[in-house]
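Shown next, in C-alpha cells, is the structure this report addresses.
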Amino acid sequence: MRYHNVFLRLALISSETCFLILLIFFLMGLFQGSPLLNPLFFFVLSGVLTLINMILAAGNFQRLTIVGINILLLGIFVSSTNWQTGFILFSIPLEGLTVFNIILVHSSILWLGYRSLYLAYHKSTPNVYSHFDWCIFLTFLVFISMGVAKISLPGGITWIIAAVFVNLLPLYIDNNTGEKINPLSGWVLSIAITMLLYLSAETVSLFPHISGTAGGAIDMFGKVLLFLVNILVSVFSLWNKFSISNTRADLTDQSATKQNFNPLPNADSTWQHIILQGVTWFLLIMLCVCVIMIVFYFIRFLISWLFQRQVGKSRRAGFNPIFLWKNIYASVLKNIKKVSNLIILLLPVRMSTDHAYGQLLRWGCWKKCPRQIDETPYDYYQRLADHYPELSSELETITSFYVVYRYSDECPSDLMVPQLKSMVRKVYLSDFYRLVIRIKRKCS
Numbered sequence: 001m002r003y004h005n006v007f008l009r010l011a012l013i014s015s016e017t018c019f020l021i022l023l024i025f026f027l028m029g030l031f032q033g034s035p036l037l038n039p040l041f042f043f044v045l046s047g048v049l050t051l052i053n054m055i056l057a058a059g060n061f062q063r064l065t066i067v068g069i070n071i072l073l074l075g076i077f078v079s080s081t082n083w084q085t086g087f088i089l090f091s092i093p094l095e096g097l098t099v100f101n102i103i104l105v106h107s108s109i110l111w112l113g114y115r116s117l118y119l120a121y122h123k124s125t126p127n128v129y130s131h132f133d134w135c136i137f138l139t140f141l142v143f144i145s146m147g148v149a150k151i152s153l154p155g156g157i158t159w160i161i162a163a164v165f166v167n168l169l170p171l172y173i174d175n176n177t178g179e180k181i182n183p184l185s186g187w188v189l190s191i192a193i194t195m196l197l198y199l200s201a202e203t204v205s206l207f208p209h210i211s212g213t214a215g216g217a218i219d220m221f222g223k224v225l226l227f228l229v230n231i232l233v234s235v236f237s238l239w240n241k242f243s244i245s246n247t248r249a250d251l252t253d254q255s256a257t258k259q260n261f262n263p264l265p266n267a268d269s270t271w272q273h274i275i276l277q278g279v280t281w282f283l284l285i286m287l288c289v290c291v292i293m294i295v296f297y298f299i300r301f302l303i304s305w306l307f308q309r310q311v312g313k314s315r316r317a318g319f320n321p322i323f324l325w326k327n328i329y330a331s332v333l334k335n336i337k338k339v340s341n342l343i344i345l346l347l348p349v350r351m352s353t354d355h356a357y358g359q360l361l362r363w364g365c366w367k368k369c370p371r372q373i374d375e376t377p378y379d380y381y382q383r384l385a386d387h388y389p390e391l392s393s394e395l396e397t398i399t400s401f402y403v404v405y406r407y408s409d410e411c412p413s414d415l416m417v418p419q420l421k422s423m424v425r426k427v428y429l430s431d432f433y434r435l436v437i438r439i440k441r442k443c444s
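By the count of the UniProt record's numbering, the sequence shown reaches residue 444 at its end, each step adding exactly one.
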C-alpha cells in the first residue's frame with residue numbers, strides 16, 4: 001500500500017464529502033431546517049472508512065468479512081452521535097421535516113460508505129480529471145443555488161476556500177509522483193486539509209468578519225448578473241416601445257375618421273409584461289450558464305498552465321469536461337427528436353417525399369435495422385420487407401417516390417403526395433395497430 005494511493009483516495013473522498021455537506025445545507029435551508037449532525041462527523045466518517053478499507057484491501061480478507069467490518073464501523077459511528085442528537089437517528093418521528101432530515105443523514109452515511117469501499121477496492125487508478133469536473137461543477141452549482149435561494153451558509157467563505165482546496169488537492173497529488181518529491185508533503189497537506197475542514201465544519205465564531213463575506217461575494221456575483229440582464233432588458237424594452245409607438249401612430253392615421261375606436265392598453269401591457277418577464281428569465285438563465293462555463297474553463301486553463309510549468313511534460317488537464325453530461329444531452333436531444341417526429345405525423349400538414357423517406361430511415365434505426373452505407377434504396381426496401389411483410393406495399397410506395405424524387409428531374413413540389421403521410425403514419429403505428437387487433441381478437 002503506497003502513501004501516494006492513500007493520500008489520493010483520501011483527497012477524492014474529502015472532495016465528495018465537502019460537496020455532500022454543502023448539498024445537505026442547501027436542502028435543509030430550503031425547508032428552514034438545520035442539519036442534525038456536525039459536518040465534521042461526515043469528514044471523519046469518510047476518512048476513517050477509506051483508510052480502514054485500504055488497509056483491508058492490502059490483506060487477504062473475504063468479502064463477507066469486509067462487509068461485516070464496514071457495517072460494524074457504520075454502526076459505531078452512528079451510535080457515537082447519540083450524545084449530540086440523542087436516539088433520534090434510531091427513531092421514526094411524526095414530523096415531516098425531521099423524517100426528511102433523518103433520511104438525508106442515513107442516505108449520506110450509506111453513500112459515503114459505498115464510495116469509500118469503491119475507492120479502496122477499485123484496482124485501476126482513479127480519473128482525477130473527470131472527478132474534478134464533476135465535483136467542482138456540482139459544488140459551484142450548489143453555491144449559486146444557495147445564493148439565489150438566499151440560504152445562509154454556516155462558515156461562509158471558509159467553505160468556498162475548502163471546496164476549492166479539496167478539489168485541487170487530488171490534481172496536485174496525482175501530478176506529483178516523482179522521486180524528488182518530499183514524502184512529508186502528503187502529511188503536511190493532510191494536516192492543512194484537516195485544519196481547514198475543521199474550521200469549515202464549525203460556525204467560524206473565531207473569524208466572524210471572514211465568514212460574513214461569503215454572502216457579500218454571492219451578492220456581488222448576483223449584482224453583476226442583474227446588471228447585465230438589466231442592460232439587455234432595457235434595450236429590449238426600448239425597442240419594444242419604439243415598435244409599439246410606430247404601430248400606434250399607424251393605427252391613429254388609419255382610424256382618424258373613426259370616432260368610436262377605443263384601444264385597450266391594459267390588455268396590451270399585460271401580454272407585453274408576460275413576454276418581457278419570460279425573456280428576462282431566459283436571459284438570466286443563459287447568463288448564469290455562460291458565467292459558470294467561463295469560470296469553469298478559466299480554472300481548467302489555470303490548472304493546466306500551472307502543471308505544465310511545474311512538472312514539464314506531465315499530463316495536462318484535458319479540455320473535454322464532464323463527457324457524461326454530453327452523453328446525457330445527446331440522449332435527451334435524441335428523444336426530443338423522436339417525440340417531435342411523432343407529433344409531426346399527427347399534425348394536419350402535408351409531408352414531402354424527402355421528409356417521408358427520412359422518417360422511414362429513422363423508423364428503421366428505431367427498429368434496429370438501419371440502412372447500410374453501400375445499400376441502395378431498393379435493397380434497403382427488400383430487407384425491410386423481409387422483416388415486415390405486412391408493410392411491404394407502404395415501404396415500396398415510399399421508396400419508389402423517393403427514388404423518383406432523388407434521381408429524376410421533376411419538381412419536388414409535384415411529389416407532395418397526399419396519401420404519403422398516411423403511409424408513414426401506418427408504418428410508425430404498425431405495432432400499435434397490431435396490438436389493437438390482438439385485443440379485439442381476445443375480446444371476441
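Just so it is clear, CB atoms sit at the ideal spot from N, CA and C, and this is done for glycine as well.
Note that the coordinates shown come from a computational prediction; the quantities given were computed from them, not determined experimentally.
**Study point:** Residue of ILE55, ILE151, ILE161 and CYS443 minimising C-alpha distance to LEU30
**Key:** Here residue 30 refers to the residue found at position 30 of the sequence shown. When each option's Cα is compared against that of LEU30, the closest is ILE151.
Practice item. Starting from the C-beta of THR17, find all residues in its chain whose C-beta is less than 6 angstroms away, skip the five residues before and the five after it, and write them out in chain order. Key: As a first step, residue 17 must be located in the sequence shown, where it is residue number 17. Apart from the 5 residues on each side of it in sequence, THR17 sits with its Cβ closer than 6 angstroms to the Cβ of PHE42, PHE43 and SER46 in its chain, given in chain order.
Practice item. Step through the CB atoms of chain D and report whether any lies within less than 8 angstroms of the CB of PHE282. Key: Protein chains in the displayed structure number just one, and chain D is not present.
Check your understanding: Does the region 72-79 come within contact of the region 7-15, defined as at least 3 CB pairs closer than 8 angstroms?
Key -> no
Check your understanding: What three-state label does DSSP hand ILE181 in the structure shown?
Key -> Within the sequence shown, residue 181 is the residue found at index 181, counting from 1. Residue placement at ILE181 is poorly supported in this model, since its pLDDT is 49, which falls under 50; the coordinates are not used for a value here.
Review point. Whose CA, out of ALA149, ILE24, ASP379 and THR139, lies closest to the CA of ASN38?
Key: For the purposes of this step, residue 38 is taken as residue 38 along the sequence shown, with counting starting at 1. The option with the nearest alpha carbon to ASN38 is ILE24.
Check your understanding: Considering ASN38, what are the terminal residues of the alpha helix (DSSP H) in which it resides?
Key -> Position 38 of the sequence shown, counting from 1, holds the residue named residue 38. It is not in any alpha helix (DSSP H) - ASN38 carries neither H nor E in the DSSP assignment.
Review point. Just to confirm, are GLY364 and LEU384 a CB contact at a threshold of 8 angstroms?
Key: Within the sequence shown, the letter at position 364 stands for residue 364. Within the sequence shown, the letter at position 384 stands for residue 384. With respect to LEU384, GLY364 sits close: the two C-beta atoms are nearer than 8 angstroms.
Review point. So is LEU435 buried or exposed if we call it buried at 16+ other beta carbons inside 10 Å?
Key: By 1-based counting over the sequence shown, the position of residue 435 is 435. When all chains shown are included, LEU435 counts as exposed.
Review point. Do the region 334-351 and the region 420-431 make contact, defined as three or more Cβ pairs closer than 8 angstroms?
Key: Short answer: they touch.
**Study point:** Cβ shell of LEU117 (< 7 angstroms), same chain only, five flanking positions each side left out
**Key:** Residue 117 sits at position 117 when you count from the first residue of the sequence shown. Closer than 7 angstroms at Cβ, skipping near neighbours: ASN53 and ASN70.
Point to revise | As assigned by DSSP and simplified to three states, the class of ASN5 | key: Against the sequence shown, residue 5 aligns to sequence position 5. It is helical.
Review point. How is residue 446 classed by DSSP in three states: helix, strand or coil?
Key: Since the first residue shown for the chain is 1 and the last is 444, residue 446 is missing from the structure and cannot be characterised.
Exercise for review: Examine the Cβ distances between the region 388-406 and the region 424-440 and report whether three or more of them are shorter than 8 angstroms.
Suggested key: yes
Practice item. Inspect the beta-carbon positions of PRO170 and LEU8 and report whether they are closer than 8 angstroms. Key: The residue labelled residue 170 in the question sits at position 170 within the sequence shown. The residue labelled residue 8 in the question sits at position 8 within the sequence shown. Result yes, Cβ atoms of PRO170 and LEU8 sit closer than 8 angstroms.
Point to revise | For THR399, three-class secondary structure by DSSP | key: Numbered from its first residue, the sequence shown carries residue 399 at position 399. The answer is helix: DSSP assigns THR399 an H, G or I state.
Point to revise | Cα-Cα separation, THR98 to SER34 | key: Here residue 98 refers to the residue found at position 98 when the sequence shown is read from its first residue. Here residue 34 refers to the residue found at position 34 when the sequence shown is read from its first residue. When rounded, the distance between both Cα atoms is 10 angstroms.
Exercise for review: State yes or no: is the C-beta of VAL424 within less than 8 angstroms of the C-beta of GLN359?
Suggested key: Numbered from 1 along the sequence shown, position 424 holds the residue referred to as residue 424. Numbered from 1 along the sequence shown, position 359 holds the residue referred to as residue 359. Yes, these two residues count as a Cβ contact at 8 angstroms.
Exercise for review: Check each candidate in LEU74, ILE55, VAL67 and PHE140 and name the one with the smallest Cα separation from LEU22.
Suggested key: The count along the sequence shown starts at 1 and reaches residue 22 at position 22. The shortest C-alpha separation from LEU22 is found at PHE140.
Exercise for review: State the Cα-Cα distance for the pair LEU73 and HIS106, rounded to the nearest angstrom.
Suggested key: In the sequence shown, the residue the question calls residue 73 occupies position 73. In the sequence shown, the residue the question calls residue 106 occupies position 106. Rounded to whole angstroms, LEU73 and HIS106 show a C-alpha spacing of 14 angstroms.
**Study point:** Nearest-angstrom Cα separation, counted from TYR388 out to ARG441
**Key:** Residue 441 sits at position 441 when you count from the first residue of the sequence shown. Residue 388 sits at position 388 when you count from the first residue of the sequence shown. C-alpha separation (whole angstroms): 21 angstroms.
Point to revise | Where residue 445 falls: helix, strand or coil (DSSP) | key: Here the chain has residues from 1 to 444 only, and residue 445 is not among them.
Point to revise | Distance CB(ALA120)-CB(ALA162) smaller than 8 angstroms | key: For the purposes of this step, residue 120 is taken as residue 120 along the sequence shown, with counting starting at 1. For the purposes of this step, residue 162 is taken as residue 162 along the sequence shown, with counting starting at 1. Against a cut-off of 8 angstroms, the Cβ pair of ALA162 and ALA120 comes out as no contact.
Check your understanding: At what residues does the alpha helix (DSSP H) containing ILE144 begin and finish?
Key -> Within the sequence shown, residue 144 is the residue found at index 144, counting from 1. ILE144 -> alpha helix (DSSP H) spans 128-149.
Point to revise | DSSP state of TYR121 mapped onto helix, strand, coil | key: As a working mapping, residue 121 is identified with position 121 in the sequence shown. In the three-state DSSP reduction, TYR121 falls in the helix class (H, G or I).
Review point. Looking at the unbroken alpha helix (DSSP H) that takes in ASN70, where does it start and where does it end?
Key: Residue numbering aside, residue 70 sits at position 70 when the sequence shown is read from its first letter. Residues 63-79.
Exercise for review: Rank LEU10, PHE26 and ASP386 by C-alpha distance to the C-alpha of PHE148 and give the top, closest one.
Suggested key: Position 148 of the sequence shown, counted from the first residue, corresponds to residue 148. Inspection of the sequence shows that residue 148 is occupied by Val rather than by Phe. Looking at the Cα atoms, PHE26 is the closest of the given residues.
**Study point:** Boundaries of the alpha helix (DSSP H) in which LYS440 is found, first to last residue
**Key:** Here residue 440 is taken as the residue at index 440 of the sequence shown, counted from 1. Its alpha helix (DSSP H) spans residues 430-443.
Exercise for review: Could you round the C-beta distance between ASN167 and CYS135 to whole angstroms and report it? I think they count as a contact, below 8 angstroms.
Suggested key: Reading the sequence shown from its first residue, position 167 is the one you call residue 167. Reading the sequence shown from its first residue, position 135 is the one you call residue 135. The pair is a contact, with the Cβ atoms about 5 angstroms apart (cut-off 8 angstroms).
Review point. Which same chain residues, not among the five before or five after LEU20, have their C-beta less than 8 angstroms away from its C-beta?
Key: The residue given as residue 20 occupies position 20 in the sequence shown. Once the five neighbours on either side are set aside, the close Cβ partners of LEU20 are PHE42, SER108, TRP111 and LEU112.
Practice item. Rounded to whole angstroms, what's the CA-CA distance from VAL6 to VAL48? Just pull it up for me. Key: Position 6 of the sequence shown holds residue 6. Position 48 of the sequence shown holds residue 48. Rounded to the nearest angstrom, the two C-alpha atoms are 12 angstroms apart.
Check your understanding: Where do the ends of the alpha helix (DSSP H) carrying ASP386 lie?
Key -> Taking the first residue of the sequence shown as 1, we reach residue 386 at position 386. 377-387 is the span of the alpha helix (DSSP H), which, as asked, contains ASP386.
Check your understanding: Helix, strand or coil for ARG406 per DSSP?
Key -> Looking up residue 406 in the sequence shown gives position 406. Reduced to three states, the DSSP call for ARG406 is helix.
Exercise for review: Using the Cα positions of GLY75 and TRP366, report the straight-line distance between them to the nearest angstrom.
Suggested key: In the sequence shown, residue 75 corresponds to position 75, counting from 1. In the sequence shown, residue 366 corresponds to position 366, counting from 1. One C-alpha to the other measures close to 49 angstroms.
Point to revise | Rounded straight-line distance, which links the Cα of ARG371 to that of HIS131 | key: By 1-based counting over the sequence shown, the position of residue 131 is 131. By 1-based counting over the sequence shown, the position of residue 371 is 371. Distance between the alpha carbons of HIS131 and ARG371 is about 39 angstroms.
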